[in-house]
Amino acid sequence: MTGISALGRRAARADGGRTAALRTALSRPVDIGPLIVLRVAFGLLMCAGAVRFMALGWIRDLYVAPRFHFTYYGFGWVRPLPEGGMWLVFIALAGLGLCIAAGLAYRAGMVTFFLLFTYVELLDQTTYLNHYYFISVLSLWLIFLPLNGRYALDNRVGLTPTRATVPAWMVWGVRAQVGLVYFFAGLAKLNDDWLFAAQPLGIWLHARTTTPLIGGFFDYAWVAYAMSWAGAAFDLTIPFWLSWRRTKLPAYGAVIVFHTLTGVLFHIGLFPWIMIACTLVFFDWRLPEASAGSEISLPRPPAAWLPVALLILLALQIALPLRHWLYPGDVNWTEEGGRWAWRVMIVEKTGQVMFFVRDKTTGGESVVFPRDYLTDLQEKQMSFQPDMIAQFAQFLGRDYGGDVEVRARAYVSWNGRPSRLLIDPDYDLLQASLGPRPKTWVLREEH
Amino acid sequence: MKTPVWFVLLVVLFASVACGGTPPRADVAATAVDAGSVVPSGFDRLVMLENVTEQLILPGHEALLQALQELETAAVAFAGAPDQARLDAVQDAWLAANLARVALLPYRLGPVDDSLLHNRLDNRPPRTAFIDGEILAGDAPIDVAYLDSIGSSSVGLGAMEYLLFDPEGGDAAVLETFTGAEHADRRRELLVALAQAATTKAEALLRIWSADGDNYAQGFIAADMDEGEYQGSMNMLANQIIADVEDIVNSRLGKPLGKRTNGEIRPDLVEAPYSGASLPRIIATLEAERAAFAGGEGPGLDDYLDFIGAMSGEEPLSQVILRQFDAALAALRAIDGPLETAVQANPAQVESAYQETLSLLTLLKADMVNQLGLTLTFNDNDGD
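Order-wise, the sequence lines are chains A and B.
Position 216 of the first sequence, counting from 1, maps to 216 under this note's numbering, and the rest follow consecutively.
Remember, this note's numbering sits 1000 above the position in the second sequence when you count from 1.
Shown next as structure tokens:
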């Protein structure tokens, strides 16, 4: 493994034996099976996801109906296409899912899928979901791995030679990426609310007492505590149980039970299925030997930069969930550093927000309720996220025009606490920077 | 493992996904009802919904129908022999019908909302130019069928208000338009037809709910989990209460108070500018929202909040919300005179009512929704 060698050379001198052993282990050729299973599962799920999105009418609801979109910092130029164009994007995503599953024009298909999917995700922060982000990250990984090495139409048509093995780091890299999602989701649960107040699960379970068979238990506080602790333990440790040969199978059983339960209890769309599918990569699938006559080529060694690049991507995936420590206050309240961090289902948060547009020349002031501009979903998501509140305030400033200031009265309640002001009601949000620097106008939550 | 194993796993996985979408409505409703009967829960949401339906929704719709029938009777009497006494009677009946109508605002749910019947009963402001220029000055026969064929802003209680009240000329001017003025005969026909059309809408509304009709009452009670959305009916009811309270703040008080117009007071933007009935209508609305929240005399959202232990600091959240309802109602009742006068003569009184109602809105929309755990089910997009 040239890349690994290049990367590890200096360290190897200092700690020769262990590093060399790791290098050897990571370079060892392993069956390509796990990656092939992942490709088929991922492709089919992505196709199903795109079809579901279209069938539920979300193209219109999320990308056509809104007159304003909450863009990401630095990506304000990413705009939705007209309705017909958005339909084409989703039809393409569904088709690309099938191409990926079949291993047809895999590399080009994966690149296009990554670009189109990420484009859609960048259109509006309202639709940010950790599992959508996970799909973008995973598809970026998969661009660079030879998932069309076997059981792919690319092999049949001669686009790519068949290969039986890949270096172990390719499989373990993907496993690490999947494992990080769980681990950081678990880490985020290690807080007072989750562990010692069983919140927000307590709130959510109360709301689901009509769930068949098990719903009757959800009124008991101990059930919320037991599920909270079990959930945290599951998230924190499942990557390790899935990695260890002896516990793999029961661990996967736990994955199925855990995600099926959350899928039944909560309205979380494809997320359970995506994780059930992606954790299949932890199994050491051994594909049958190629039949006599079919050609298995010697794999071409990957480019030297590839493992380095993927290592950087992995490091970024570790850094992003930790970045919230750089911001003052509790991330669950301020939301600073909360995205791209696998903080999955750890707060129940609601808000009521209204805006004041004051004409600095005349002193006249108008009150704006978001409902007059935003869809219900946009308003709900904005009402507790300071950067979205500021972004909408700046839109209002432009919409009103002239010399105005825009302030917000935003009351937010989270995990059952009484609502409090989230941002300084006297601050002119037209002055707010939407960048990554700490937002001084976000009020600290004392509780 | 060999190929068939992972292939089988994948097939099982995707079969599950395929079956895991929104389940058919009938299945869900049946499951919810079945589960509800065996759930050893300390609070039965179905009983709460039953209480709201039987104590508030059904009687409310019957009361609206009765009020509109009385309005129709009064309108027929007035049109037959217009005089001051009969005008007073029809104006009183009109106000009573208004109050009965706004008392049903929290229950514009599901098929009721889809039916647009409320729109045809009371869509404001009325299109006065069309009423004068097309209906009164026209020659189309004025009957219920004709009124059903024109836009909702030219019919209903708003149009009747325009015919029955004149804030400048007073009752004398109104009587004149029904007796000696041009198109007086068509005006009398229109008043009666408007009342008759409104009655048919109230009958249709009652039919949606009643056991003799579409029996949505039963569907509403059963749909504790609806269309894959948990707590379907409770969710809808809570959302409607919030939407109605927000409408009071944002539009019904906010517009005349100048909250939408750079602080410029706009008495012309009150919702019932001809009759002076804006304030009673707003008060009746908030009383109805309070009743919907409290479940009248029986179990309601307040009791459910108590059951799940929802606190606001040291106090039960339900008590804080009920107290805020009362504070907002007291502030509204303390406003002197019609709203259009008060926003000019006593803007501080209206501002106080506005602020109290806003505080109520915050409690409902941020605190109550948080405790009810409605966020994940609030919209039809996925959560995570």
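Don't be surprised by glycine CBs; every beta carbon is placed ideally from N, CA and C.
* Anything in chain B within Cβ reach of A:Thr362, meaning under 8 Å, just list it in chain order. => Asn1262
* What is the DSSP secondary structure of A:Phe355, counted as helix, strand or coil? -> strand
* Asked: So, is the C-beta of B:Ala1366 closer than 7 Å to a C-beta in chain A?
  -> yes
* Counting only beta-carbon atoms, is B:Lys1201 nearer than 7 Å to chain A? -> no
* Asked: Is there a Cβ from chain B that is less than 7 Å from the Cβ of A:Pro418?
  -> yes
* Start-to-end residues for the beta strand (DSSP E) that takes in A:Asp31 -> Pro29 to Asp31
* Asked: Is the Cβ of B:Gly1170 closer than 7 Å to any Cβ of chain A?
  -> no
* To do: Closer than 9 Å, Cβ to Cβ, to anything on chain B: give me those residues from the segment 187-216 of chain A, in chain order.
  => Pro200, Gly202, Ile203, Trp204, Leu205, His206, Ala207, Arg208, Thr209, Thr210, Thr211, Pro212, Leu213, Gly215 and Gly216
* Asked: Alpha carbon to alpha carbon, how far is A:Tyr400 from B:Asn1262?
  -> 11 Å
* To do: Using a cut-off of 8 Å between C-beta atoms, extract the partners of B:Ser1312 located in chain A.
  => Pro418
* To do: Report yes or no: do three or more beta-carbon pairs, one from the segment 377-388 of chain A and one from the segment 345-358 of chain A, lie closer than 8 Å?
  => yes
* **Segments of 4+ residues assigned as alpha helix (DSSP H) that fall wholly inside the segment 115-190 of chain A** => 130-143, 153-156 and 168-188
* **A:Leu187 vs A:Ser228 beta-carbon contact at 7 Å** => no
* Contact with chain B by A:Phe369, beta-carbon distance below 7 Å -> yes
* To do: Identify whether B:Met1001 lies in helix, strand or coil by the three-state DSSP scheme.
  => Any reading at B:Met1001 is ruled out, since the residue's pLDDT is 39, under 50, leaving its predicted position unreliable.
* Short CB-CB distance (under 7 Å) between A:Gln352 and chain B -> yes
* Asked: For A:Arg52, which residues of its own chain have a beta-carbon under 6 Å away from its beta-carbon, when the five flanking residues on both sides are left out?
  -> none
* Is DSSP giving A:Thr262 helix, strand or coil here? -> helix
* Output, in chain order, the set of chain A residues within a Cβ distance shorter than 8 Å of B:Lys1259. => Ser366 and Val367
* CB contact below 7 Å: B:Val1369 versus chain A -> yes
* Shorter than 7 Å from the beta carbon of A:Glu445 to some beta carbon of chain B? -> no
* **the segment 130-137 of chain A / the segment 152-162 of chain A touching (three or more Cβ pairs under 8 Å)** => no
* Contact set for A:Trp273: own chain, Cβ-Cβ below 7 Å, skip 5 residues either direction -> Leu45
* Under a three-way DSSP split, which group does A:Glu445 fall into? -> coil
* Asked: Which class does B:Ile1308 belong to by DSSP, given the choice of helix, strand or coil?
  -> coil
* Check whether the Cβ of A:Tyr400 lies closer than 7 Å to any Cβ atom in chain B. => no
* Per-residue contacts from B:Gly1373 into chain A (C-beta, under 7 Å) -> Ile203, Trp204, His206, Ala207 and Glu348
* Does any C-beta atom of chain A lie closer than 7 Å to the C-beta of B:Asn1346? -> no
* **Minimum C-alpha distance to A:Leu236 - residue among A:Tyr182, A:Phe282, A:Gly263 and A:Trp244** => A:Tyr182
* Closer than 7 Å, CB to CB, is B:Asn1250 near chain A or not? -> yes
* To do: Closer than 7 Å by beta-carbon distance: list the chain B residues that pair up with A:Val412, in chain order.
  => Ala1366
* Taking Cβ positions, are B:Leu1071 and B:Ala1195 nearer each other than 7 Å? -> yes
* Output yes or no for whether 7 Å exceeds the beta carbon distance between B:Phe1165 and B:Ser1275. => yes
* DSSP on A:Tyr373, reduced to helix/strand/coil? -> coil
* Which listed residue (B:Glu1289, B:Gln1084 and B:Thr1073) has its alpha carbon closest to that of B:Ile1241 -> B:Glu1289
* Asked: To the nearest angstrom, how far is it from the Cα of A:Leu320 to the Cα of A:Val442?
  -> 21 Å
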